[in-house]
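Asks: First the structure, then my questions, so here it is.
Numbering (our numbering), first residue to last: 1079 to 1445.
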């Protein structure tokens, strides 16, 4: 998922029932555990181009307010660090100067870049933090999607390629081996922000669930870890539930075409572009002439950062290649939802249980 021009609306209490969280594009709802349902406090906050929601079980209002303040301030700090839309961010500084020579960066940014490149390597480039220029050529960055001209697309692809990001751990430097390269951490930074929030709440012994736009979420505290049920909604009809899962000590992330997509000549083009592809009409992101198309992928992983990155990669790779790539991520599982002539098809790899709903005449499978 791409990081849009983010803004801050300020913190405010949710007006909706905090015990039921409507979710999009993935989880269709979150049911609070009975043990904390009556004392649950919730706060929403706009950052990183999405709506963060924090649910916690605090001893009193004062503790709850202190937790909300600390966590939301941290999310704002991370936005100001990782956003390519803030000219003063560390990421923007790297984008301006890393093609000129090695640039020293701070440990946090360096580690996130290293983690992102590790996922890129293990997924064969299906996840790529340099995809920004390609996204802009399709108009998704400005939320004005269009079919790019061939020469424009070719020029954009010359400025994409994760292997052109060179990290030197000894000096903690970043170097772009190709001019025009631009980093975009939108498909991993929100997950990292969820991890940081959970880490901070865990350190003070507060049970909580943190949700970034209903696409990345994680929980801490025994009651929350064992009691929160997340409903995976159908990407076709959000009123229908594909399945419910307990987070446990895992994080969850969903990527899907409904966030940003458009239809042209009967084909659906999504913002989840394949950075490896040379022909957009054969892209695994949805602009393909095959009978079956990926609509949504949900991933369970040990960290929200990893789940966030992998949901994008698994969407690009599809079920067969994605399942093979998950062999390198032994603690992760994924659920793909496809559309086709026979309706909706669900395919899971290490997905907990196999009782997810098949719609119309669809089939489902488990590996």
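Heads up, the beta-carbon is just placed ideally off N, CA and C, and yes, glycines get one too.
Would you mind giving the Cβ-Cβ distance between residue 1309 and residue 1382, rounded to the nearest angstrom? I have them listed as a contact below 8 Å.
Replies: No, residue 1309 and residue 1382 are not in contact; Cβ-Cβ is about 18 Å, not under 8 Å.
Asks: For the beta strand (DSSP E) containing residue 1410, list its first residue and its last residue.
Replies: It is not in any beta strand (DSSP E) - residue 1410 carries neither H nor E in the DSSP assignment.
Asks: Using the beta-carbon count (16 or more within 10 Å), is residue 1284 buried or exposed?
Replies: Label assigned to residue 1284: buried.
Asks: Just the Cα atoms here: how many angstroms apart are residue 1384 and residue 1277?
Replies: Their Cα atoms are separated by approximately 15 Å.
Asks: Between the C-alpha atoms of residue 1199 and residue 1404, what's the straight-line distance to the nearest angstrom?
Replies: Roughly 12 Å separates the two Cα atoms.
Asks: Would you say residue 1413 and residue 1375 are within 9 Å of each other, going by their C-beta atoms?
Replies: Yes, the pair counts as a contact, with Cβ atoms nearer than the cut-off.
Asks: In the DSSP output, what is residue 1125 paired with across the bridge?
Replies: Paired residues: 1128.
Asks: So, does the stretch 1235-1254 touch the stretch 1136-1145, judging by three or more C-beta pairs under 8 Å?
Replies: The stretch 1235-1254, when compared against the stretch 1136-1145, does not touch it at the 8 Å Cβ threshold.
Asks: Quick check for students: name the residue ranges of the alpha helix (DSSP H) that lie wholly in the stretch 1129-1188, counting only runs of 4 or more.
Replies: Counting only runs of 4 or more, we get 1139-1160, 1168-1175.
Asks: Residue 1195 and residue 1181 look like a contact to me (Cβ under 8 Å); what is the Cβ gap, rounded to whole Å?
Replies: No, residue 1195 and residue 1181 are not in contact; Cβ-Cβ is about 16 Å, not under 8 Å.
Asks: Hey, how far is the Cα of residue 1266 from the Cα of residue 1387?
Replies: If I take the Cα positions, the gap works out to 5 Å.
Asks: DSSP three-state label for residue 1283, please.
Replies: Note: residue 1283 maps to coil in three-state DSSP.
Asks: Which first and last residues belong to the beta strand (DSSP E) in which residue 1251 is found?
Replies: Start and end: 1251-1254.
Asks: Assign residue 1239 to one of three DSSP states: helix, strand, or coil.
Replies: Residue 1239 falls in the coil class under three-state DSSP.
Asks: Between residue 1149 and residue 1279, how many whole angstroms is the CB-CB distance? I'm expecting something under 8 Å.
Replies: That pair is a contact at about 7 Å.
Asks: Since residue 1332 is in the beta strand (DSSP E), which residue starts that stretch and which ends it?
Replies: Taken as a continuous stretch (DSSP letters only), the beta strand (DSSP E) holding residue 1332 covers 1329-1334.
Asks: So who's on the other strand from residue 1119, going by DSSP bridges?
Replies: Residue 1119 is bridged to 1134.
Asks: Please state the DSSP three-state secondary structure of residue 1266.
Replies: Here residue 1266 sits in coil by DSSP.
Asks: Buried or exposed, going by whether 16 or more other CB atoms sit within 10 Å of the CB of residue 1178?
Replies: That one is exposed.
Asks: Between 1206, 1252, 1324, which lies nearest to residue 1237 when the distance is taken from Cα to Cα?
Replies: Looking at the Cα atoms, 1206 is the closest of the given residues.
Asks: Check whether the Cβ atoms of residue 1274 and residue 1168 sit closer than 9 Å, and answer yes or no.
Replies: No, these two residues do not count as a Cβ contact at 9 Å.
Asks: Using three-state DSSP, classify residue 1371 as helix, strand or coil.
Replies: Strand.
Asks: Between the beta-carbon of residue 1429 and the beta-carbon of residue 1378, is there less than 9 Å?
Replies: Contact flag set, yes.
Asks: Measure from the alpha carbon of residue 1120 to the alpha carbon of each residue in 1352, 1287, 1321, then state which is nearest.
Replies: Closest option to residue 1120, Cα to Cα, is 1287.
Asks: For residue 1268, which option in 1420, 1125, 1421, 1427 has the closest C-alpha, if you only look at C-alpha atoms?
Replies: Nearest of 1420, 1125, 1421, 1427 to residue 1268, Cα basis: 1125.
Asks: Hey, residue 1191 and residue 1183: beta-carbon distance below 9 Å or not?
Replies: Contact flag set, yes.
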